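Colleague:
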């Protein structure tokens, strides 16, 4: 087994033991915030009219929650799959 595999297994065990909620808050929301910032800038870059702040904030929050938790769910499942494969090789 490669050193990287062992490192992944140890890190994923630690992450998994902390639970999905913590994973979603740390990884998912971080990803969601970054993607939302870029999306909102992109969507409003050519907007010559003033931006309605309330709609801007609501759209941002929805994008953060949906995008962040979707990313967290998919990456959690993918990491679990990789973890099981690597543990099975031991």
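Numbering (UniProt numbering), first residue to last: 1 to 90.
Note that the Cβ used here is the ideal one computed from N, Cα and C, for glycine as well.
The model shown is predicted, which means the values in this text are computed figures rather than measured ones.
Can you give me the C-alpha to C-alpha distance between residue 61 and residue 80, rounded to a whole angstrom?
Modeller: Going by the C-alpha atoms only, they are around 28 Å apart.
Colleague: Figure out for me which residue from 82, 69, 54 has the closest Cα to the Cα of residue 23.
Modeller: Out of 82, 69, 54, 69 has the C-alpha closest to the C-alpha of residue 23.
Colleague: Tell me which residues share the same chain as residue 66 and place their Cβ nearer than 7 Å to its Cβ, disregarding the 5 neighbours each side in the sequence.
Modeller: For residue 66, where only same-chain residues beyond five positions count, there are no Cβ hits under 7 Å.
Colleague: Nearest-angstrom Cα distance between residue 12 and residue 37?
Modeller: Whole-angstrom Cα-Cα distance: 28 Å.
Colleague: Please return the same chain residues whose Cβ sits closer than 6 Å to the Cβ of residue 28, not counting the five positions on each side in sequence.
Modeller: Same-chain partners within the cutoff: 68, 69, 71, 72.
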